[in-house]
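Asks: Pasting a structure below so you can have a look.
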Amino acid sequence: MSSDKQAQLNGAYYGPSVPPPRQSYHPGRRGRGCGCCGCLFRFLLGLIVSVVVTLGLAILIFWLIFRPNNIKFHVTDASLTKFNLTATNNLQYNLTLNITARNPNKKIGVYYERISATAYYEDQRFVSMDLEKFYQGHKNTSVLSPVFKGEKLLVLGANELSEFNAEKNAGVYNIDVKLYLRIKFKALPSSYSGSSFTPTRSSFTSPMPLLPSST
2 MSSDKQAQLN
12 GAYYGPSVPP
22 PRQSYHPGRR
32 GRGCGCCGCL
42 FRFLLGLIVS
52 VVVTLGLAIL
62 IFWLIFRPNN
72 IKFHVTDASL
82 TKFNLTATNN
92 LQYNLTLNIT
102 ARNPNKKIGV
112 YYERISATAY
122 YEDQRFVSMD
132 LEKFYQGHKN
142 TSVLSPVFKG
152 EKLLVLGANE
162 LSEFNAEKNA
172 GVYNIDVKLY
182 LRIKFKALPS
192 SYSGSSFTPT
202 RSSFTSPMPL
212 LPSST
């Protein structure tokens, strides 16, 4: 009897066995470093988007206020005193042009940061030169005077050579001249300068009669 009570007392005192504590798992702790990288990426992305939007709005406002018009170019005079293709396919040339550049804008000046004039015959470039950079005020006309003189290897096909001979007999040659520009707009009378726009290209194709050489 006493032994039964002792067993009950022992069972009530010790109770059931306690299981070992389980290890808790906290999702997200191991990816804390990745979370920081994600925040940094989102911050940089937001910063880039803000800069692009702000710049776009600034350009739009600038355009709405000043409405810049295109610069207009015209060839006013051309002098071709030599245009000869030798038996060794060397093109000898002497070409002088007068080109007017008209800025029609009332409130915008133009910085010509780079001007490159290139001449082509039968889609082949035979000469290129850089002109002096300058600033052009509003409602202003400037004159560019490139002089192409020299010799260049120019290999023509059968059809192109036949056309060259026909133009030689007629004394009139079709020569292409292209201007490659790097320009910057300046709002007047303020000192605000817009971004560079380029390359801008203007091309001229016109028959050029061969004139007697002065030499």
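Note that the working numbering has the sequence shown beginning at 2, numbered continuously upward. All residues carry an ideal CB built from backbone N, CA and C; glycine is no exception.
Compare the Cα-Cα distances from V144 to each of G151, F135, K150 and E152 and report the closest residue.
Replies: F135
Asks: Looking only at its own chain, which residues have a Cβ that is under 7 Å from the Cβ of G110, when we skip the five neighbours before and after it?
Replies: Y136, Q137, G138, H139, K187 and L189
Asks: In this structure, does DSSP put A59 in helix, strand or coil?
Replies: helix
Asks: Count the C-beta pairs between the region 96 to 107 and the region 151 to 166 that are closer than 8 Å, then say yes if the count reaches three, no if not.
Replies: With a cut-off of 8 Å, the region 151 to 166 and the region 96 to 107 do not count as touching, because too few Cβ pairs lie within range.
Asks: For the alpha helix (DSSP H) containing K169, name the first residue and the last one.
Replies: A159 to A171 is the extent of the alpha helix (DSSP H) around K169.
Asks: Can you grab the Cα-Cα spacing for the pair L92 / V148, in whole Å?
Replies: 16 Å
Asks: If I'm right that G172 touches P213 with Cβ under 8 Å, what's the distance once you round it to whole angstroms?
Replies: Not really, about 11 Å apart at Cβ, beyond 8 Å.
Asks: Roughly how many angstroms lie between the CA atoms of L58 and F42, to the nearest whole one?
Replies: Distance between the alpha carbons of L58 and F42: 24 Å.
Asks: Please report the straight-line C-alpha distance between E123 and I176, rounded to a whole angstrom.
Replies: 8 Å
Asks: With distance defined between alpha-carbon atoms, name the residue in L46, V76 and G47 nearest to I100.
Replies: V76
Asks: Look at S117 and D131 and say whether their C-beta atoms are less than 8 Å apart.
Replies: yes
Asks: If contacts are defined as beta-carbon pairs under 8 Å, then I184 and Y113 qualify, I think. What distance do you get, rounded to the angstrom?
Replies: 6 Å
Asks: Hey, F165 and L86: beta-carbon distance below 8 Å or not?
Replies: Yes, they are a contact pair.
Asks: I'd like to check one pair, V128 with K169: are the Cβ atoms closer than 8 Å?
Replies: no
Asks: For a test of the three-state rule: what should DSSP assign to P213, helix, strand or coil?
Replies: DSSP, read as helix, strand or coil, puts P213 in coil.
Asks: So K150 and N95 are supposed to be a Cβ contact under 8 Å. How far apart are they, rounded?
Replies: With 8 Å as the limit, K150 and N95 qualify as a contact, their Cβ atoms being about 5 Å apart.
Asks: Is T119 near Y174, with beta carbons less than 8 Å apart?
Replies: no
Asks: Can you name the start and end residues of the beta strand (DSSP E) that V148 belongs to?
Replies: V148 to L154
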